[in-house]
Structure formats: C-alpha cells, structure tokens
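J.:
There are 2 protein chains.
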Amino acid sequence: MTLPIGPEDVLAAAARLDGVAHRTPVMTSRTADERTGAQLFFKCENLQRVGAFKFRGAYSALSRFTPAQRKGGVIAYSSGNHGQAIAVSARLLGMPVAIVMPQDAPPIKIAATRGYGAEVILYDRYTENREAIGQRIATERGMTLIPPYNHVDVIAGQGTAALELIEEAGALDALVVCVGGGGLIGGCATITKHLLPECRVIGVEPAAGNDMQRSLAEGRIIHIDVPDTIADGAQTQHAGELTFPILQALVERIVTVTDPQLVAAMRFFFERMKIVVEPTGCLGAAALFERAIDLRGKRVGVILSGGNVDAERFASLLSMAPRAD
Amino acid sequence: MTLPIGPEDVLAAAARLDGVAHRTPVMTSRTADERTGAQLFFKCENLQRVGAFKFRGAYSALSRFTPAQRKGGVIAYSSGNHGQAIAVSARLLGMPVAIVMPQDAPPIKIAATRGYGAEVILYDRYTENREAIGQRIATERGMTLIPPYNHVDVIAGQGTAALELIEEAGALDALVVCVGGGGLIGGCATITKHLLPECRVIGVEPAAGNDMQRSLAEGRIIHIDVPDTIADGAQTQHAGELTFPILQALVERIVTVTDPQLVAAMRFFFERMKIVVEPTGCLGAAALFERAIDLRGKRVGVILSGGNVDAERFASLLSMAPRAD
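Quick mapping for you: the protein sequence lines, in order, are chains R and U.
My numbering numbers the first residue of the first sequence as 1 and each following residue consecutively.
My numbering numbers the first residue of the second sequence as 1001 and each following residue consecutively.
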C-alpha cells in the first residue's frame, strides 16, 4: 500500500526548513541513562521556534503555498502550539493569517498570537464548532486552512525532527515519540524506518486518552471524548485519515503513561537537566523512566516535543507528583 | 601591581579542563535582545557539570594537586555548588574527599553530596565555625582545604567560562557577571581584558548584599552580615584577599538588583528560553532587563552561573514577582 508520505517528502521539507527552523540540540544525561539502563538522546524541540516542533510542520506547509494561496493567506484553529506556529510562519512568509481561538483561551495566549501579527477570531466553544468556523472563513476570504496534523506537508515537516536526531546521534535501536493526532510520530517514523529499517518506533499516549492505542488494536480510527489529561498537546479525539495508515504500517506499538508520571518527568528535566519540557513533551521520557518500555542496553532517541508551560502552571502541576524523598 | 593571576593561568586551566568540563552552549534570544536593546550572548553554566560554573574552579584546583596531596585528599566547607563541585572533581581524580555541611542543610543536598562519594561532616552552624572545623580536619588528616573563591587555581578555572564565551561569540563590548566572593568575575575579567582590552566588565550583586560594590567604592574589603537574599550563591560576607585586587584593577563597576527582579528574570528564562537558571545565575540578566545597566546597541556576554534550584523552591519563589499581565 502506498502511504500518504514517503521519506523523500521529509527530505524535501528539511530543505525548505533549512536556515529557518532551529536545528535544535540533542542532549544526553548520565542520570537518565542510569535510571533507564538505556543510552538516551533527547531531541530538544522545546528549544524550537515558538517552543515546539509544530513550527516545522507549519512552515513546511506554508512554504509550499502557490502565489495565489500566499495572497489569500492561511487560517488555522488552535489555541496551542500549532496556532502560534502558523502565525509565526505566515509572518515570515509575509502572508495574511487568522487564528480561530476559543473566547475563554488564556488572555496571554490570545495576546501572544496577536503579537505574532495574526488576526484572532474568537468563538464560543460551548455553542460553536471551530472546524466549521474555520472552513467558512476560509471559503469566504479565500484563505487556505491548515489543520494541525492531518496534512501531508505538516506530517513531512514534523519528520525533520527525527532526521536531524539521527544525523546527530547516529544509529538508534529505538525512537520514542509522543502521540496526539499522529503528525509528529507519522513523519518521524517515515524517515526513521527509511534510514534505519531495524529501528523500533514506539509511541506514547496519555493513559486518559489512548485513542491511538485502541485504534491500532482495532484497525480503525476510534473517536473519544476530550481526554482529561495535563498533556494538552495530546488531547486529540481521533487519529487523522492521513496519519493513521502511516502508524499502522510503521509504528511498533503505543504505550501509555499517567499524569503524575508526566509531572515526575517534568521535575527530572527541570532539576537534573535544567530544561523546561511541557507535559506532552514528557510522554516519551516518562514511559522510559517508568519502564513502560524496557529498552535496557539500547541506543534510544526521544523527542521532547515542546516547552510551552507557563511558570504558574508548572508550579501548580508539581503537587500532582510530590518529590519522592 | 602584579595581580594574583594572569591570563596565562586561565589558559592553563582551560587545558586542564579540556574534555572534562562541559563546553556549555551559548544561547541567544530575540525577545531578550528586544527587551534590552542589546545583542546578548548567554553562557549557559547552568548546563555545566553539577549544574554550575563551580565545577571549573574545583577541577582546576584539584587537578594541580601533587601526588602527596592527592593521597591525602581534599576538604571543603560548602552546602552549595562548590561542595558538590569538589566532591565530583575528587571522584574523577580518585582522591578522598570530605565536605563540611551544616546539620540543617536540606537532606537532599546531604544525600546528593554523599551520592558523589564524599564523606559529609555535619556541624551546628549556630555554635560552631565551619572554617575552623575545615582547618582542623585538614590538619589532622593531611587533607588540602580548597576555599570556594579565594584560591588562584579556583579563580583561574572560573575564567575559562569567559574564554569559551569569547571564543564562540567573538568580540564583545561588555561582559556582565554575577558577583559573590569574586572568583567568577575575577577569572573572567582576567582573560577578557587580555583578549578584548576595550570590553567593559561589569559585576552584579544582590541589593541586599552589596559588599563588593561598597568595598570597591571604599578601596578596602568590607565585611557584612549574611545578606537576606534569594541569591544564595551571592550570600558572601566579604571579598577575598586574592579576588579583591583583581576586581579593583579590571572591573568597571558593580550594580545591584532586587530579589523580585531576580524572580522576573528566572520566569523569563523558564517561559521564553525554556531553561532553568537559579536566582544567583539571574543577576546579570536581571540587571540588563531592569536597565540597571544600559548597553543598547552593544554586543554583551552574560554568564548564567548555575541552575541548581529545586522545583518546589522555584514554585514558591514565583509569588515574589507575580506575572505582570
């Protein structure tokens, strides 16, 4: 079966992102290695532009717009990292941009999105549907809608994180990636299985929202309610039509972790590695720390997907997983 | 006048540290540049071994021990970064090590120091004097006492942070460094004024403990009570006999910042740059953010001296400087 994207698409996205996206560092930690028994290579997408890997997919998609599309501009619905990534990418490419956000989104996020030069369109998330609003405005204004994960150029862009990781760390026995809608792991699996066919690709979801795990088990896309988890980047309700077949073909399995396990991993990154990783970005590391995956003796890549957690939220999350000692 | 160390001592320390200390990254931030009007280069010693620049000075000193000194081992009094740096350096060099710490030091710090292989000697800080204890045990056991800043090899080692920064960032108009006992800024000023004679070297102290500012103004070492500040790495009570003349000769001036200004800078590093910097490590950046120093249009190096703040303490410090919006 032909998958929606191939490794050549990731390589093409890498060329478009060259000099625009940060080539983020790969960090290692003796303590993390001792704790897991593996040799870990952390790809620090928390240090990416806008603080998350989402910049890769957004810029990958917008940089392929035709002149007519650029003139019309781009619209996205997201109160999170995807929206900010689209806003920044549009500004870099000099095109109009509108972001559909809920009225009750944190004011700081609305202000930040406007600060990036985007028009913010507010909606009532209890009575209105953001996808319908996005589609309607896109049609009315001649804008192109870019969804957060179900888009070939977005998936290809996200895969460049794994490409860079392998270029820097060398051969890996396994790659561990957080899973929301499947864009990041889909792109990463595409390039990884091409470069390193024996490398195992393992996804990690929040236990409260394991729709991908269930979907892969049942062989069809399962829809769930908005999951109750602190991993806000993985609160997706279903896989994408484009991402799902990629995961079916290339991902070995999905494991889950709990919110307190995510907080413990956040604390580890803060105290031992001196970096800020948002809850969603901790999914992969938490699975390894908790031995949800046992990769002792292996060389393992782990994508830290983002670092967008504000200081007050970090402080309040700590109480979910008090220090062990 | 001949100063206690010269640039050749810093270069020799760099050779001893090569391959042992981390060559820490230099980070930049568009937002920080916009906020200050300067072009800032942050030297990330929070990502150094043991989480602070102190490793440089400790290893610099211990690696010059004679065979007899190595056999006798090393002793230090410190409940903070210097103690851990001495413990780790001693282990790397295979020598005995004892650290004198107050009985009421945080159990996690005592455990961490023991975890590095050090013997921990506890004392009552209300009735006993740690310097006297350190001297007595050093004499009894034939150990060498290494003080935290008043030692030529320690000062030379700290200077390697500025050496690397200049090697990576190129010419600087100014270097901004936090000031405790003066070891870091003394070593950094020594190499900086040698490589870049026109570069201004500016120190930053907590407003509650500006003994160095006052000492330089009066031309003699002033002693103060333990200052009440969250910058625990700068709670020194007086300059060293070795550091003071270096600062007199090479440092342009000392400015001060308040604790809430330090917290605001910590928040900035957390939220915008996704890195953890301890309060003392924020002194230089806070002075720039608050325009205590105006270096608009200049290329400015800033040493982020360490990242050792635990998650709970970070959380509790936030309340000192609530978010502005």
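All residues carry an ideal CB built from backbone N, CA and C; glycine is no exception.
State whether the stretch 303-323 of chain R contacts the stretch 1286-1303 of chain U, with contact taken as three or more CB pairs (one from each stretch) at a distance under 8 Å.
T.: no
J.: Exposed or buried, U/Ala1132, counting other C-beta atoms within 10 Å across all chains shown (16 or more means buried)?
T.: exposed
J.: So, do the stretch 1198-1205 of chain U and the stretch 1243-1257 of chain U have three or more beta carbon pairs nearer to each other than 8 Å?
T.: yes
J.: Considering only their Cβ atoms, is the gap separating U/Leu1145 from U/Ala1156 smaller than 7 Å?
T.: For the pair U/Ala1156 and U/Leu1145, the CB atoms are not nearer than the 7 Å cut-off.
J.: Restricting to runs no shorter than 3 residues, where is the beta strand (DSSP E) found entirely within the stretch 145-189 of chain R?
T.: 174-178
J.: Count the CB pairs spanning the stretch 1045-1060 of chain U and the stretch 1080-1088 of chain U that are closer than 8 Å, and state whether there are at least three.
T.: yes
J.: Where does R/Val251 sit, in a helix, a strand or coil, going by DSSP?
T.: coil
J.: Could you check the C-alpha separation between U/Leu1247 and U/Gly1080 for me, to the nearest Å?
T.: 24 Å
J.: Name the chain R residues that come within less than 8 Å of U/Leu1318, Cβ to Cβ?
T.: Ala311, Glu312 and Ala315
J.: Where does R/Cys199 fall in DSSP's three states?
T.: In the three-state DSSP reduction, R/Cys199 falls in the coil class, being neither helix nor strand.
J.: For my contact list, U/Glu1271 and R/Leu318 are in at a C-beta cut-off of 8 Å; report their separation, rounded to the angstrom.
T.: In fact, because the Cβ distance is near 16 Å, the residues do not count as touching under 8 Å.
J.: Of all Cβ atoms in chain R, is any one closer than 7 Å to the Cβ of U/Glu1271?
T.: Yes, U/Glu1271 lies at the interface with chain R (some Cβ there is under 7 Å from its Cβ).
J.: Please determine, among R/Arg291, R/Glu128 and R/Val26, the residue with the shortest C-alpha to C-alpha distance to R/Met273.
T.: R/Val26
J.: Quick one: using the 10 Å Cβ neighbour count with 16 as the cut-off for buried, is R/Asn129 buried or exposed?
T.: Burial call: exposed.
J.: For the alpha helix (DSSP H) that R/Pro260 lies in, which residues bound it at each end?
T.: Asp259 to Arg272
J.: What are the residues in the stretch 255-286 of chain R lying within 7 Å of chain U by C-beta distance?
T.: Arg267, Phe270, Glu271, Lys274, Ile275 and Val276
J.: Buried or exposed, going by whether 16 or more other CB atoms sit within 10 Å of the CB of R/His151?
T.: Buried, by the Cβ-count rule.
J.: Rounded to the nearest angstrom, what separates U/Gly1019 and U/Phe1055 at their Cα positions?
T.: Each residue's Cα considered, the two are about 13 Å apart.
J.: Along chain R, in chain order, which residues have C-beta atoms closer than 9 Å to that of U/Arg1323?
T.: Those are Ile108, Asp310, Ala311 and Glu312, listed as they occur along chain R.
J.: Out of R/Pro4, R/Gln237, R/Ala15 and R/Ala61, which one is the CA nearest neighbour of R/Val179?
T.: Ranking the options by Cα distance to R/Val179, first place goes to R/Gln237.
J.: With respect to 6 Å, is the separation between the Cβ of U/Phe1314 and the closest non-hydrogen atom of the ligand SAH below this value?
T.: For the ligand SAH, the structure offers nothing, since it holds no ligand at all.
J.: Can you tell me whether DSSP reads R/Glu128 as helix, strand or coil?
T.: Taken through DSSP and simplified to helix, strand or coil, R/Glu128 comes out as coil.
J.: How would you list, in chain order, the residues of chain U whose beta-carbon sits under 8 Å from the beta-carbon of R/Asn46?
T.: Ordered by position in chain U, the residues that pass the 8 Å Cβ test against R/Asn46 are Lys1274.
J.: Taking the DSSP output, what are the residues bridged to R/Arg299?
T.: R/Gln39
J.: Please give the ranges of any alpha helix (DSSP H) in the stretch 1033-1089 of chain U, keeping only runs that are unbroken, at least 4 residues long and fully inside the region.
T.: 1054-1062 and 1067-1072
J.: How big is the Cα-Cα spacing for R/Ile293 and R/Ala287?
T.: One C-alpha to the other measures close to 6 Å.
J.: Would you say R/Gly80 lies against chain U (beta-carbon separation less than 7 Å)?
T.: no
J.: Name the two residues that bound the continuous beta strand (DSSP E) containing R/Pro102.
T.: Val97 to Pro102
J.: Can you check DSSP and say which residues form a bridge with R/Ile121?
T.: Paired residues: R/Val100.
J.: Compare the beta carbon distance of U/Val1177 and U/Ile1185 with 7 Å and say whether it is the shorter of the two.
T.: yes
J.: Count the C-beta pairs between the stretch 255-269 of chain R and the stretch 226-241 of chain R that are closer than 8 Å, then say yes if the count reaches three, no if not.
T.: The stretch 255-269 of chain R, when compared against the stretch 226-241 of chain R, does touch it at the 8 Å Cβ threshold.
J.: Report the CB separation of R/Thr160 from R/Leu250 in whole angstroms; it is logged as a contact under 8 Å.
T.: In fact, because the Cβ distance is near 16 Å, the residues do not count as touching under 8 Å.
J.: Smallest Cα separation from R/Gly307: which of U/Val1154, U/Asn1308 and U/Phe1268?
T.: U/Phe1268
J.: Can you name the residues of chain R whose CB is closer than 7 Å to the CB of U/Gly1233?
T.: None at all; the shortest Cβ gap to chain R is about 15 Å.
J.: Give a yes or no on whether 7 Å exceeds the smallest Cβ distance from U/Gly1019 to chain R.
T.: no
J.: At 8 Å on the CB atoms, spell out the chain R contacts of U/Pro1004, in chain order.
T.: Within 8 Å Cβ-Cβ: nothing; U/Pro1004 doesn't reach chain R, min ~32 Å.
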